[in-house]
Ligand SMILES: Cc1cc2nc3c(=O)[nH]c(=O)nc-3n(C[C@H](O)[C@H](O)[C@H](O)COP(=O)(O)OP(=O)(O)OC[C@H]3O[C@@H](n4cnc5c(N)ncnc54)[C@H](O)[C@@H]3O)c2cc1C
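In the working numbering, the protein residues as written are 38 to 436.
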């Protein structure tokens, strides 16, 4: 088996795979090394064998017509033909055992007063808690809004930097505002076998070093070498690999930490949950979960699906599922299939922009190392793909 490559990419999530794709598109071959038995990382559609023809998302569920780099990627892979518009249903709150609309729970007078502040006050260097309790009022923030932000980020959002929460992007009006694919988000990884890159799954990189202008990559199977190394792994892994070789990037201040969650996907018989009106998702107010993402946005004649993102401190999954079914009055015999996965996301620190600036400043001095992932500009898939594209351009310009 070949063991020297021009480009080696560690991590087969959307960051690593889109990097390999953009490189292949410009005729640069590469190898992608992925620890799990499949590529995709946080993007994973669960195809149930018990509920025929039904799938639901274990991670990313929505992409938008403002995700320009992702749209370019989809376009190049011919994926836009499989684009699936999502039904419009509301996000609701789960307060105690009751499903409630968001707006009536807010002090609208105070929230309304904050609207101009929201438009004209800078969020720079402020935490989500500081910024949004100033803009929309402490009470609105503490009782309702903090749970909405926790649900968006799937983590305790209190100290997350407010300026890294949302981003306004130009919309491509030729596409639906938000969409998925006919077979779910894992379609983003369709046809990778036909592209000019190699994927090695079940292969964990557990060490790297640079010698004689060559990267050496140690894996659980063997060692391979490469001219250029792309780390597309979560920050904790990237940091550890760099720390082992005393790379200065490993010791930058204001580094992100990691937030874990336990994701449980439930598929239920539609006829037995008619009392729950169609939903986009549920936001947990003081609950054991951050959010529940519903599959109602895509019609199905027999089944409904709910993906629950539980907080990491919960360990007894079976009792959590039982409590959840009871809370929503879902009879046990409605349950057709269950699937459990752990997910993790970076938790940015308040001065994340300083981390990002020093990382990029140091990185441009290095023509052999490239970093991409969701711990840089934002968590959204678009930010990962954009970063991969920009790092690929840097690689070409320095080759
Ligand atoms: C529950 C959830 C819901 C989300 N919803 C949305 C959404 O609706 N819209 C949106 O835009 N974004 C969403 N996101 C964010 C988005 O999915 C992620 O930020 C993005 O997919 C991250 O991609 P990545 O490739 O950078 O990292 P990951 O997907 O984490 O991929 C990293 C890969 O590296 C591999 N790896 C790790 N260590 C090693 C090693 N030592 N050797 C080899 N391989 C290794 C991992 O197995 C993994 O496959 C969501 C995320 C989560 C968790």
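All C-beta atoms, glycine included, are put in the ideal place defined by N, C-alpha and C.
The model shown is predicted, which means the values in this text are computed figures rather than measured ones.
Inter-residue CB distance, residue i and residue j (contact presumed, cutoff 8 Å)
{"i": "residue 234", "j": "residue 68", "result": "7 Å"}
{"i": "residue 46", "j": "residue 57", "result": "6 Å"}
{"i": "residue 49", "j": "residue 78", "result": "7 Å"}
{"i": "residue 207", "j": "residue 121", "result": "At roughly 22 Å, the Cβ-Cβ gap does not stay under 8 Å, so residue 207 and residue 121 are not in contact."}
{"i": "residue 371", "j": "residue 305", "result": "4 Å"}
{"i": "residue 307", "j": "residue 277", "result": "The Cβ separation is near 45 Å, so there is no contact."}
{"i": "residue 74", "j": "residue 300", "result": "With 8 Å as the limit, residue 74 and residue 300 do not qualify as a contact, their Cβ atoms being about 17 Å apart."}
{"i": "residue 187", "j": "residue 387", "result": "Actually they do not touch by this definition, with Cβ atoms about 16 Å apart."}
{"i": "residue 410", "j": "residue 270", "result": "7 Å"}
{"i": "residue 384", "j": "residue 296", "result": "4 Å"}
{"i": "residue 65", "j": "residue 262", "result": "Incorrect: roughly 17 Å between the Cβ atoms, too far for contact."}
{"i": "residue 168", "j": "residue 317", "result": "In fact, because the Cβ distance is near 25 Å, the residues do not count as touching under 8 Å."}
{"i": "residue 428", "j": "residue 412", "result": "Actually they are not in contact, since the Cβ atoms of residue 428 and residue 412 sit about 14 Å apart, beyond 8 Å."}
{"i": "residue 335", "j": "residue 328", "result": "Actually they are not in contact, since the Cβ atoms of residue 335 and residue 328 sit about 18 Å apart, beyond 8 Å."}
{"i": "residue 291", "j": "residue 389", "result": "6 Å"}
{"i": "residue 216", "j": "residue 123", "result": "6 Å"}
{"i": "residue 93", "j": "residue 359", "result": "Their Cβ separation, rounded to whole angstroms, is 20 Å, which puts residue 93 and residue 359 out of contact at 8 Å."}
{"i": "residue 226", "j": "residue 54", "result": "6 Å"}
Backbone secondary structure at residue i - three-state DSSP
{"i": "residue 329", "result": "strand"}
{"i": "residue 175", "result": "helix"}
{"i": "residue 127", "result": "coil"}
{"i": "residue 137", "result": "strand"}
{"i": "residue 119", "result": "helix"}
{"i": "residue 202", "result": "coil"}
{"i": "residue 164", "result": "strand"}
{"i": "residue 261", "result": "strand"}
First and last residue of the uninterrupted beta strand (DSSP E) at residue i
{"i": "residue 79", "result": "Careful: residue 79 lies outside any beta strand (DSSP E) and carries neither H nor E."}
{"i": "residue 378", "result": "372-384"}
{"i": "residue 147", "result": "Where residue 147 is concerned, there is no enclosing beta strand (DSSP E), although the alpha helix (DSSP H) it sits in stretches over 145-157."}
{"i": "residue 247", "result": "242-248"}
{"i": "residue 234", "result": "234-237"}
{"i": "residue 189", "result": "Per DSSP, residue 189 belongs to no beta strand (DSSP E); it is in the alpha helix (DSSP H), 183-190."}
{"i": "residue 318", "result": "318-322"}
{"i": "residue 216", "result": "215-218"}
{"i": "residue 251", "result": "251-256"}
Check: residue i C-beta below 7 Å from any heavy atom of ligand 1
{"i": "residue 321", "result": "no"}
{"i": "residue 52", "result": "yes"}
{"i": "residue 116", "result": "no"}
{"i": "residue 253", "result": "no"}
{"i": "residue 241", "result": "yes"}
{"i": "residue 80", "result": "yes"}
{"i": "residue 71", "result": "yes"}
{"i": "residue 410", "result": "yes"}
{"i": "residue 382", "result": "yes"}
{"i": "residue 120", "result": "no"}
{"i": "residue 414", "result": "no"}
{"i": "residue 44", "result": "no"}
{"i": "residue 310", "result": "no"}
{"i": "residue 160", "result": "no"}
{"i": "residue 167", "result": "no"}
{"i": "residue 346", "result": "yes"}
{"i": "residue 334", "result": "no"}
{"i": "residue 437", "result": "With the chain covering 38 to 436 only, the question about residue 437 has no answer from this structure."}
{"i": "residue 427", "result": "no"}
{"i": "residue 318", "result": "no"}
{"i": "residue 229", "result": "no"}
{"i": "residue 282", "result": "no"}
{"i": "residue 244", "result": "no"}
{"i": "residue 217", "result": "no"}
{"i": "residue 421", "result": "yes"}
Check: residue i C-beta below 7 Å from any heavy atom of ligand 3
{"i": "residue 270", "result": "Inclusion of ligand 3 in the displayed structure is not the case, the ligand content consisting of ligand 1 alone."}
Subject >> Whole runs of the beta strand (DSSP E) within the region 338-424, excluding any shorter than 3 residues >> reply: 340-347, 372-384, 406-408
Subject >> Any beta strand (DSSP E) of 3 or more consecutive residues that is wholly inside the region 38-113 >> reply: 41-47, 67-70, 82-84, 92-94
**OP:** Would you mind listing the alpha helix (DSSP H) stretches within the region 265-316 that are 4+ residues and don't spill past its ends, in chain order?
**Re:** 272-281
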